[in-house]
Amino acid sequence: MLPIALATVALSGALVSGPETRQDPVTDVYHGTPVVDAYRWLEDFSDPEVKEWNALQNAYARGHLDYLPERDRLEKEITDILAAEVERYWDVHEAGGNLFAMKFAPPKEQAYLVVMNGPDAPETQRTLVDPIEIDPAGTTTIDWFVPSPSGNLVAVSLSVAGTESGDLFIYDTRSGKVVDEPVVRVNGGTAGGSLCWLDDDTLLYTRYPRVGERPSDEEAFFVDVYRRDIGSSLESDAYEIGKDFPKIGEIELKSDLDSGRVIATVQDGDGGDFAHYLRSPTGEWTRFSDYKDGIKQAYFGRPGEILLLSRRDAPKGEILTIPANNPTATPNVLINEGEDTIVDAFWGAPTYMALNDDTLLIEYQTGGPSEFRAVNFDGRKKASPDSGKISSVGGLTPMSDGTVLFSSGSYTELSAWYRFDPKTGKTTATKLRSDPPLDLSKVEVVREFATSKDGTKVPVNIMIPEGTIRNGVNPCVVYGYGGYGVNLTPGYSSRAAHFLQNGVIYAVANIRGGGEYGEEWHKEGNLTSKQNVFDDFQAVIEHMIERKYTDKEHVGILGGSNGGLLMGATMVQRADLVSSVVSYVGIYDMLRVELSPNGQFNITEFGTVEDADQFKALYAYSPYHNVQNGVDYPPVLFITGENDPRVDPMQSRKMTARLQATGTDSPVLLRTSADAGHGAGTALSEQIAQTLDAHAFMLYHLGVTTD
């Protein structure tokens, strides 16, 4: 019998007081400091009692969420936005004269892989891999894909139910059939996965430990690189490199088909430093940069050249060059550090690229917005791709005709694909573009700066619905992240669009911990400096209040993952500052996070309790450990998924129990989905359901209603 009593009071059909969760205190001692954990028992989801507790919490949440006003109206609005028949394309690659791309086209539950004649011929597209045809339930997703050099084959990683545990399938692009044995576990949660082709018959891929090769609690670590010849037995796949990489190493592979060389970039955990290795045409590997060297990225440049992005003694970035046939040679500086930051991105398309022997294209950003700038190899400016004022760019994709594709979008416009010709300096729109599901052309976008506790100027991007008067009482939602050097760049958000549709001001904070101003901006918000992130976010909220956009009674905050930590810290440190909180897949117990498999990847970003100074910082801001009885915390909705491979859902369970035990009069709700994880691969129907619950909750507690 579960020793939990559910006390309920009917108010318009809703449950207004939460479950009483038993306490079973466990005391740990860290560097002489005793720490009591009353809800340690909620960490083990294999325990039937925990499963029953979780089900009870879901029922309690439904008792509140299902009775919120105007759900029918909100559901229609959200469905009209998220399920609008608007085509979106990303992750484009040219191979064999064709263009491959991921496509999302509601009402399909999942994105799918298509191929077409080119970016101006979407009418020629055909579907190559559709997860819905594989799994009609809608829980299978494409993690990533890489076409072979000829375009006749395509390698695809597929995972199920948000686990991100991907298996590799090789498809013939002419027949659409799988033509090789599946390779299991090429992709994982935080460490991800990567693949590159050496030729049409051979590839390199990331390989996680197989069952029995390591203890079960180490199967998410120790990723290696293996070589595979298509059509051969799996047993013949050959080890290439990885045994000397860190336990928490994350690997990205890039090949240069003309030279036969491969670059392996290895990150020492999330937010950690990088090392780079070069594979020669004959198969030998050479390390050409170590973790201490400050080299963030390495790409093949002009023939025989490797281009490096360095932040060593240049926190905003400089471009170096080394010869590919002598990669350990001393690098030469090609592009010096400037006032603006050169963007880096571990996963995805390059952020700089040699377009020809005369043109280098580099992505720069100034605190959030980004643009591509073209220069000669001596640094002289050239005609650059067009972009908007408060917008962002990405997706650099070289084309066989010497042009390059890139994407560009803004807070009010969907990301669309453009072609830049370095010979003429002209930018032209392609046909890979769509109108947004909700017209935001009359939304005003302004960029202001808050002043943080230590005097740092913090950018905030503010979207203001048409007709808004700055009267100090407008409903407002502030979004933030602040970690891992991740940049919050301008982009159309369906979530923001729906808030704006309901007259809510939506603000995006570019706080420290991100990379918007380079590596120093990141380092000032990680490890023992993490409190700066929370100070910045609180300063942004206060700025919105001081500037008469809103007040404490009408401001809500929203974030996820590391942004969920931000939500927890903000509501615990400044319960008086906000009126509503929605937190997705967040981290709240900072002393236990490193003990979960994925948590070890985060030590390089957050620190470890094994280090006395880092423990002191973690304990000082850990939301779970700083909840106080008797405080009137704001209403909060925690959203998580049972299959989350990045943040253990126990984080949300423990934080929910602790807050409910304070006696706060505000609802503290936990919504757990059985068929979702950290967010990647979440089916469209579940996205709609999550958004409906989150927005109905937020709007109600902000006082937004049409009644």
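Plus 1 on top of the position in the sequence shown (first one is 1) and you've got my numbering. Each residue gets a CB set at the ideal place from its N, CA and C atoms; glycine is no exception.
Task: N- and C-terminal bounds of the alpha helix (DSSP H) containing Y61 - done: What you label residue 61 is simply residue 60 of the sequence shown in a count that begins at 1. Per DSSP, Y61 belongs to the alpha helix (DSSP H) from 49-66.
Task: Length of the line joining the Cα atoms of R448 and V461 - done: Here the question's residue 448 lines up with position 447 in the sequence shown. Here the question's residue 461 lines up with position 460 in the sequence shown. Rounded to the nearest angstrom, the two C-alpha atoms are 6 Å apart.
Open item on the list: Using the Cβ count rule (16 or more neighbours within 10 Å means buried), how would you classify Y40?
Closed with: By 1-based counting over the sequence shown, the position of residue 40 is 39. Y40 should be labelled buried.
Task: Cα-Cα separation between G587 and H94, rounded to whole angstroms - done: Here residue 587 refers to the residue found at position 586 when the sequence shown is read from its first residue. Here residue 94 refers to the residue found at position 93 when the sequence shown is read from its first residue. Approximately 33 Å, taken between the alpha carbons.
- [ ] Given a cut-off of 9 Å, decide if A681 and Q691 are closer than it, judged by their beta-carbon atoms.
- [x] Position 690 of the sequence shown, counted from the first residue, corresponds to residue 691. Position 680 of the sequence shown, counted from the first residue, corresponds to residue 681. With respect to A681, Q691 sits apart: the two C-beta atoms are not nearer than 9 Å.
- [ ] State yes or no: is the C-beta of S166 within less than 9 Å of the C-beta of P598?
- [x] The residue you call residue 166 lines up with position 165 of the sequence shown. The residue you call residue 598 lines up with position 597 of the sequence shown. Not closer than 9 Å, so no.
- [ ] Pull up the distance between the alpha-carbon of E110 and that of T80, whole angstroms please.
- [x] On the sequence shown, residue 110 is found 109 positions in, with the first residue counted as 1. On the sequence shown, residue 80 is found 79 positions in, with the first residue counted as 1. The straight-line gap from Cα to Cα measures roughly 13 Å.
Task: From P210, D225, W418, V226, residue whose alpha carbon lies closest to that of E219 - done: As a first step, residue 219 is located in the sequence shown; it is residue number 218 there, counting from the start. The residue among P210, D225, W418, V226 with its C-alpha nearest the C-alpha of E219 is P210.
Open item on the list: My parser needs the alpha helix (DSSP H) runs of 4 or more residues fully inside the stretch 285-351; what are they?
Closed with: none
- [ ] Any chance you could list the alpha helix (DSSP H) runs of at least 4 consecutive residues sitting entirely within the stretch 53-137, in chain order?
- [x] For the stretch 53-137, whole alpha helix (DSSP H) runs of length 4 or above, ordered along the chain, are 72-83, 132-135.
Task: For W145 and V130, the rounded distance between their alpha carbons - done: The residue you call residue 130 lines up with position 129 of the sequence shown. The residue you call residue 145 lines up with position 144 of the sequence shown. Their Cα atoms are separated by approximately 11 Å.
Open item on the list: For N462, list the residues DSSP reports as bridge partners.
Closed with: Taking the first residue of the sequence shown as 1, we reach residue 462 at position 461. According to DSSP, N462 bridges with R448, V509.
- [ ] Have a look at A613 and L619 and give me their C-alpha separation to the nearest angstrom.
- [x] Stepping through the sequence shown from its first residue, residue 613 is reached at position 612. Stepping through the sequence shown from its first residue, residue 619 is reached at position 618. Roughly 10 Å separates the two Cα atoms.
TODO: Return the CA-CA distance between I264 and K244, expressed in angstroms with no decimal places.
DONE: Indexing the sequence shown from 1 puts residue 264 at position 263. Indexing the sequence shown from 1 puts residue 244 at position 243. Their backbone Cα atoms lie some 16 Å apart in a straight line.
TODO: Assess, as a yes-or-no matter, whether the stretch 623-633 is touched by the stretch 598-609 under the definition of 3 or more beta carbon pairs within less than 8 Å.
DONE: no
TODO: Tell whether a beta-carbon distance below 9 Å holds between G660 and Q58.
DONE: Position 659 of the sequence shown, counted from the first residue, corresponds to residue 660. Position 57 of the sequence shown, counted from the first residue, corresponds to residue 58. In the sequence on display, residue 660 carries Leu and not Gly. Cβ atoms of L660 and Q58: not closer than 9 Å.
- [ ] Output the distance between the C-alpha atoms of Q615 and D536, rounded to the nearest integer angstrom.
- [x] Here the question's residue 615 lines up with position 614 in the sequence shown. Here the question's residue 536 lines up with position 535 in the sequence shown. Q615 and D536: Cα-Cα distance of roughly 18 Å.
- [ ] Would you mind reading off the limits of the beta strand (DSSP E) that contains T418?
- [x] Taking the first residue of the sequence shown as position 1, residue 418 is located at position 417. Inspection of the sequence shows that residue 418 is occupied by Trp rather than by Thr. W418: member of the beta strand (DSSP E) spanning 417-422, first to last residue.
- [ ] Mind reading off the beta-carbon distance from G395 to E517? Whole number of angstroms is fine, and I expect it under 8 Å.
- [x] Walking along the sequence shown from the start, residue 395 turns up at place 394. Walking along the sequence shown from the start, residue 517 turns up at place 516. Not confirmed; about 15 Å, so no contact.
Open item on the list: Please give me, in chain order, every unbroken run of the alpha helix (DSSP H) with length at least 4 that falls completely inside the stretch 214-254.
Closed with: No alpha helix (DSSP H) of 4 residues or more sits fully in the stretch 214-254.
Task: Identity of the residue in D341, K432, T34, K178 nearest V610 by Cα - done: The sequence position of residue 610 within the sequence shown is 609, counting from 1. Looking at the Cα atoms, T34 is the closest of the given residues.
Open item on the list: Please state whether the Cβ-Cβ distance between P150 and A192 is less than 9 Å.
Closed with: Start at 1 with the first residue of the sequence shown, and residue 150 comes out as number 149. Start at 1 with the first residue of the sequence shown, and residue 192 comes out as number 191. The answer is no: Cβ separation not under 9 Å.
TODO: Let me know the secondary structure DSSP gives V10 once reduced to three states.
DONE: Residue 10 sits at position 9 when you count from the first residue of the sequence shown. Here V10 scores only 32 on pLDDT, less than 50, and its place in the model should not be relied on; the value that follows carries that caveat. DSSP places V10 in coil when its eight states are reduced to three.
Open item on the list: Tell me whether the stretch 229-238 and the stretch 197-212 touch, counting them as touching only if at least three CB pairs, one residue from each stretch, are closer than 8 Å.
Closed with: yes
Task: Cα-Cα separation, S290 to E253 - done: Here residue 290 is taken as the residue at index 289 of the sequence shown, counted from 1. Here residue 253 is taken as the residue at index 252 of the sequence shown, counted from 1. About 15 Å.
TODO: Could you give the DSSP three-state label for V705: helix, strand or coil?
DONE: Within the sequence shown, residue 705 is the residue found at index 704, counting from 1. For V705, the secondary structure class from DSSP, reduced to helix, strand or coil, is coil.
TODO: Give the single residue among W348, C197, L196, T128 whose Cα lies nearest to the Cα of T174.
DONE: For this step, residue 174 is matched to residue 173 along the sequence shown. Answer by Cα proximity: T128.
Task: Cα-Cα separation between K77 and A697, rounded to whole angstroms - done: Along the sequence shown, one-based indexing puts residue 77 at 76. Along the sequence shown, one-based indexing puts residue 697 at 696. Counting only the Cα atoms, A697 lies some 12 Å from K77.
Open item on the list: For the stretch 346-356 against the stretch 322-330, do three or more pairs of beta-carbon atoms, one drawn from each stretch, fall closer than 8 Å, so that the two count as touching?
Closed with: no
- [ ] May I ask you to report which of helix, strand or coil DSSP gives G690?
- [x] Counted from its first residue, the sequence shown places residue 690 at position 689. Sequence check: residue 690 is Ala here, not Gly. Reduced to three states, the DSSP call for A690 is helix.
Task: Start-to-end residues for the alpha helix (DSSP H) that takes in V573 - done: Along the sequence shown, read from residue 1 onward, the residue named residue 573 stands at position 572. Taken as a continuous stretch (DSSP letters only), the alpha helix (DSSP H) holding V573 covers 563-574.
Task: Helix, strand or coil at G560 [DSSP, three-state] - done: The sequence position of residue 560 within the sequence shown is 559, counting from 1. Note: G560 maps to strand in three-state DSSP.
Task: First through last residue of the beta strand (DSSP E) which encompasses Q366 - done: Position 365 of the sequence shown, counting from 1, holds the residue named residue 366. Here the beta strand (DSSP E) through Q366 covers 361-366.
Task: Secondary structure of D173, DSSP reduced to three states - done: Your numbering for residue 173 matches position 172 in the sequence shown. In this structure, D173 counts as strand in the three-state DSSP scheme.
Open item on the list: Please classify D48 as buried or exposed, where buried requires at least 16 other C-beta atoms within 10 Å of its C-beta.
Closed with: Here the question's residue 48 lines up with position 47 in the sequence shown. That one is exposed.
Open item on the list: I'd like the span of the alpha helix (DSSP H) that includes I546, first residue to last.
Closed with: One-based indexing of the sequence shown puts residue 546 at position 545. Where I546 is concerned, the enclosing alpha helix (DSSP H) stretches over 532-547.
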